[in-house]
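**Student:**
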Amino acid sequence: MSFTNPLVYGIPFFLGLILLELTYSKTHNHKDLYKWKDLGSSLTMGVGSVVLAPLVKTISAIIIFNYIYELFNPMVSGIRTNIMGWESFGYSWYVWIACQFLDDFSYYWFHRQNHMVRFLWAAHIVHHSSDNFNLGTAVRNGWFTILYKPFFYMWLPAIGFPPEMVIVCLGIEALWQFQLHSTYVPKMGIIEKIFNTHTMHQVHHAKNLEYMDKNHGGFLNMFDKIFGTWKELDDDIDIEYGVTKPPNSYNPLVILTHEYKDIWNDMKKSPNLYHKFMYAFGPPGWSHDGSTLTIKQMRKELEKNQQQL
794 MSFTNPLVYG IPFFLGLILL ELTYSKTHNH KDLYKWKDLG SSLTMGVGSV VLAPLVKTIS
854 AIIIFNYIYE LFNPMVSGIR TNIMGWESFG YSWYVWIACQ FLDDFSYYWF HRQNHMVRFL
914 WAAHIVHHSS DNFNLGTAVR NGWFTILYKP FFYMWLPAIG FPPEMVIVCL GIEALWQFQL
974 HSTYVPKMGI IEKIFNTHTM HQVHHAKNLE YMDKNHGGFL NMFDKIFGTW KELDDDIDIE
1034 YGVTKPPNSY NPLVILTHEY KDIWNDMKKS PNLYHKFMYA FGPPGWSHDG STLTIKQMRK
1094 ELEKNQQQL
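Following the working numbering, the numbering of the sequence shown begins with 794 at its first residue and continues without gaps.
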């Protein structure tokens, strides 16, 4: 059985909603929501992702997922059977729900590691590099994340979910993530108890210290709550969007590569191999001499200072 990634149908929908929000903001005293040069950069990187993704996913998602599926789910007496002994999953409605739930679990860890490992952050920072938060920002995606994202989902076809099912769930996840990038949707009561919402994603895109590295979830917020990364939007905090070390450029190539350049420059600061490794694969902000701090270190410093007052 074959399915089409729903993301294919979402692209015209994305552009239409961006145009709608842009028009509304410019005609209803929210003129600062969109900056033309910033939107141009975001759309350029979005178009690049649309062009590159099918080429890369043909190799990564389709070939890798199918290879893993065939390897761990061989045919036994005419029945596809997982090497652990159970029959590989079919297309029942509850299997779809299970796959989407586990896709969300995978997305949480994929997304969280993009914030915890600097080399991955160098690819993901593209999405956070704008100081605007709008639907245009939603398509401001790094081109290099698609090279490693499938590896966080390989375990799903390995345990028996059909590769095409996993790919559809990935597409549905991307559709949900797109629409979260809006400030026009307020808190939604009981929905906030279960789902990752627009206000929670505003927290995720903020550079306020109390908000940074929070709310990594896809559909659900339960994994953030379980693993200690959930944070509710506080209406008393003046939210600031973007990153602490922005590219300061609207040039898409600079936006895509500036953090890799910073990693290289930091690695040259010390001849120690461990230091070089940590500058590349440690948490963003790590330094061997304390000249820069990680988010955890900054929070500890803040708590220490507050206790001394």
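Even glycine gets a Cβ: it sits at the ideal position worked out from N, Cα and C. This one's a predicted model, so the numbers in the text were calculated from it and none came from an experiment.
Among all the DSSP beta bridges, which residues are the ones paired with Phe988?
**Tutor:** For this step, residue 988 is matched to residue 195 along the sequence shown. DSSP, once it has assigned bridges, lists Leu1013 as partnering Phe988.
**Student:** With the cut-off set at 9 Å, would you say Leu949 and Asp896 are in Cβ contact?
**Tutor:** Position 156 of the sequence shown, counted from the first residue, corresponds to residue 949. Position 103 of the sequence shown, counted from the first residue, corresponds to residue 896. The answer is yes: Cβ separation under 9 Å.
**Student:** Check this for me: beta carbons of Asn866 and Gly953, under 9 Å apart or not?
**Tutor:** Position 73 of the sequence shown holds residue 866. Position 160 of the sequence shown holds residue 953. For Asn866 and Gly953, yes; Cβs fall inside 9 Å.
**Student:** Give the single residue among Ser870, Leu1026, Asn875 and Gly871 whose Cα lies nearest to the Cα of Glu863.
**Tutor:** As a first step, residue 863 must be located in the sequence shown, where it is residue number 70. Considering only alpha carbons, the answer is Asn875.
**Student:** Keeping to the same chain, check which residues put their C-beta closer than 8 Å to that of Tyr1004; ignore five residues upstream and five downstream.
**Tutor:** On the sequence shown, position 211 is the one that residue 1004 refers to. Only Val996, His997, Lys1024, Ile1030 and Ile1032 meet the Cβ criterion.
**Student:** Taking all protein chains shown into account, do 16 or more other C-beta atoms lie within 10 angstroms of the C-beta of Gln893, making it buried, or fewer, making it exposed?
**Tutor:** Counted from its first residue, the sequence shown places residue 893 at position 100. Label assigned to Gln893: buried.
**Student:** Which residue comes first and which comes last in the alpha helix (DSSP H) that contains Val888?
**Tutor:** Residue 888 sits at position 95 when you count from the first residue of the sequence shown. Counting along the chain, the alpha helix (DSSP H) containing Val888 begins and ends at Trp886 to Met909.
**Student:** Answer yes or no: do Gly833 and Asp924 have a C-beta to C-beta separation smaller than 9 Å?
**Tutor:** The sequence position of residue 833 within the sequence shown is 40, counting from 1. The sequence position of residue 924 within the sequence shown is 131, counting from 1. Contact flag unset, no.
**Student:** Can you give me the Cβ contacts of Arg905 inside the same chain, cut-off strictly under 6 Å, excluding the 5 residues immediately before and after it?
**Tutor:** Within the sequence shown, residue 905 is the residue found at index 112, counting from 1. Correct list, in chain order: His1009.
**Student:** Report the option in Tyr827, Val910 and Pro805 whose CA atom is closest to the CA atom of Ile1088.
**Tutor:** Counting from 1 along the sequence shown, the entry for residue 1088 is found at position 295. The candidate whose alpha carbon is nearest that of Ile1088 is Val910.
**Student:** Based on Cα-Cα distance, which residue from Ile855, Tyr860, Arg873 and Pro979 lies nearest to Leu940?
**Tutor:** The residue given as residue 940 occupies position 147 in the sequence shown. Per the Cα distances, Ile855.
**Student:** Within the same chain, show all residues whose beta-carbon is closer than 7 Å to that of Ile918, passing over the 5 residues directly before and after it, in chain order.
**Tutor:** On the sequence shown, position 125 is the one that residue 918 refers to. So the list reads Val1036 and Glu1052, once near-sequence residues are dropped.
**Student:** Could you round the C-beta distance between Met1071 and Asn934 to whole angstroms and report it? I think they count as a contact, below 8 Å.
**Tutor:** One-based indexing of the sequence shown puts residue 1071 at position 278. One-based indexing of the sequence shown puts residue 934 at position 141. Actually they are not in contact, since the Cβ atoms of Met1071 and Asn934 sit about 27 Å apart, beyond 8 Å.
**Student:** Confirm, please, whether the CB-CB distance from Trp936 to Ser842 is below 9 Å.
**Tutor:** What you label residue 842 is simply residue 49 of the sequence shown in a count that begins at 1. What you label residue 936 is simply residue 143 of the sequence shown in a count that begins at 1. In this structure, Trp936 lies closer than 9 Å to Ser842 by Cβ.
**Student:** Specify, as a first and last residue, the run of the alpha helix (DSSP H) that Glu1104 falls within.
**Tutor:** The question about residue 1104 has no answer, for the chain in this structure spans 794 to 1102.
**Student:** Report the three-state DSSP secondary structure of Met868 (helix, strand or coil).
**Tutor:** Mapped onto the sequence shown, residue 868 falls at position 75. Residue state, collapsed to three classes: strand.
**Student:** Would you call the region 1007-1021 and the region 972-988 touching, i.e. three or more CB-CB distances under 8 Å?
**Tutor:** Judged by Cβ distances under 8 Å, the region 1007-1021 makes contact with the region 972-988, as three or more pairs qualify.
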